[in-house]
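What follows is a short report on a single structure.
Residue numbers (our numbering): 392 to 819.
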């Protein structure tokens, strides 16, 4: 029988993620190979090959020599049966969804593999991400494409005068990572953005989200918006805080084209069908009611490609060419390389209004994690007083004016997230 026939249903073969700490590398690798054989047999990543011995892929007894006459039809029939069985397994929605949930949970809790080396753990996570990404691959046998995981976020809103709702709801698509591009992390929602969105809804005044602090016709810009959770939350929250006056403009920026496309889809999901959602009361606001009928009206959330290392092209045109109106900048868990903090600092220095505030939330991870040192690059970037941006004339310098530690919340974010640092940055 063909080796394809040895694939096992995910629901009966995958080890329980809750016992991840007790699993061996061999057990996890075997589970991932099984999923790979089912869902992406034609897409073997380069990183997958060196770690897999040939015998592990084809652990079958030697095939007896055959003349090719007597048993040809039998072998062919067996191969066809195996391929039919695999096709049925691959098309099973229950098994497919089970595999997606397992892979997502495995990636989120990978830090629990404390008995396995960091390099091996990251390799296994990469393999899992590769298989997870394959569910969105255009080369699948059918025409149904998995666009990722749809997530609903509900945040309690601070008490406000009627008819303000008690909750803000945001619906997001977390698209699968490509498996080949490490810069597309913005396709998924991370814990820091969830925590920050919740805090802004429950305590808007704490972040200066009130007319008296933001001033007239302000703009709020999110840097590295990713799926757009923070921007979408603000776009649904602000009309209830600015009743009877112009609502601040919200601009969500990112660098990665695939991230921007997913972001635009999330904006459409939350606002073009607002009338059918429980949060549709926003559509009664003048800022939202006509945006579908009048192309001249700005969307509730505008999008823009912004490269922190070279922001000039984006800053020379709308909607980012009016720096004095940028009263607030926001960035949630966007530091993934040593140079990012410096780029972000310099970019913010060119964008932030003299009386504006920049809220930056960074994720602190365990020392064994390869991203662990990056949280320290934020303070290091702003400690360099000579390099920090200054206002015209040099009187004010952009710097950290406050920092707060936020504990990780149960059930929120990835398993490798330890806690968060919330920075208040401004001109001082």
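All residues carry an ideal CB built from backbone N, CA and C; glycine is no exception. If you're wondering where the values come from, they're calculated on a predicted model, not measured in any experiment.
- In the structure shown, the three-state DSSP call for residue 507 is coil.
- Distance from the CA of residue 704 to the CA of residue 603, rounded to the nearest whole angstrom, comes to 32 Å.
- Using a Cβ distance threshold of 9 Å, residue 810 and residue 755 count as a contacting pair.
- One alpha carbon belongs to residue 708, the other to residue 694, and they sit about 13 Å apart.
- A contact is defined here as three or more CB-CB pairs under 8 Å, and the stretch 740-757 meets this definition with respect to the stretch 717-728.
- Your pair residue 624 and residue 559 checks out as a contact, with CB atoms roughly 6 Å apart and the cut at 8 Å.
- Assignment of residue 646 by DSSP, reduced to helix, strand and coil, places it in the coil class.
- Less than 9 Å divides the Cβ of residue 544 from the Cβ of residue 588.
- Between residue 772 and residue 692, the gap from beta carbon to beta carbon reaches 9 Å or more.
- The DSSP-derived three-state label of residue 493 is helix.
- Between residue 782 and residue 818 a beta carbon distance of about 6 Å is seen, short of the 8 Å cut, so the two are scored as contacting.
- Here DSSP, grouped into helix, strand and coil, assigns residue 758 to coil.
- Collapsing the DSSP output to three states places residue 611 in a strand.
- Inclusion of residue 629 and residue 522 in the CB contact set at 9 Å is not warranted, their separation being larger than that value.
- Cβ contact annotation for residue 651 (same chain, cutoff 7 Å, sequence separation greater than five): 645, 694 and 696, in chain order.
- Judged by their CB atoms, residue 499 and residue 426 are not nearer to each other than the 9 Å cut-off.
- In the structure shown, residue 777 falls within a coil segment according to DSSP collapsed to helix, strand and coil.
- According to DSSP, residue pairing for residue 816 in a beta bridge involves 749 and 791.
- Bounds of the alpha helix (DSSP H) holding residue 416 are 416-430.
- Linking residue 621 to residue 515 through their CA atoms gives a straight-line distance of about 30 Å.
- DSSP, reduced to helix, strand and coil, places residue 409 within a helical segment of the structure shown.
- Taking the Cα positions, residue 429 is about 11 Å away from residue 483.
- Contact between residue 739 and residue 816 holds: their C-beta atoms lie close to 7 Å from each other, under 8 Å.
- For residue 766, no alpha helix (DSSP H) segment is defined, and its DSSP state is neither H nor E.
- Taking each of 725, 778, 506 and 734 in turn and checking the Cα distance to residue 702, the smallest one comes out for 734.
- In terms of Cα proximity to residue 615, the closest of 713, 550 and 700 is 700.
- Between residue 416 and the set 507, 612 and 799, the nearest pair of CA atoms involves 507.
- For residue 418, same chain residues with a beta-carbon under 8 Å away, outside a window of 5 residues either side, are 406 in chain order.
- For residue 799, the CB contacts under 6 Å within the same chain, skipping 5 residues up- and downstream, are 808 and 810 in chain order.
- Residue 663 sits exposed, since fewer than 16 C-beta atoms from the chains shown fall within 10 Å of its C-beta.
- Spanning the alpha carbons of residue 598 and residue 398 requires a straight line of approximately 53 Å.
- In the three-state scheme derived from DSSP, where H, G and I count as helix and E and B as strand, residue 722 is classed as strand.
- Residue nearest to residue 565 within the set 410, 553 and 582 is 582 (criterion: CA-CA distance).
- Put simply, the backbone Cα of residue 795 is about 43 Å away from that of residue 402.
- Rounded to whole angstroms, the gap between the alpha carbons of residue 764 and residue 790 is 20 Å.
- Proximity to residue 714 across 411, 730, 518 and 642 peaks at 642, based on C-alpha coordinates.
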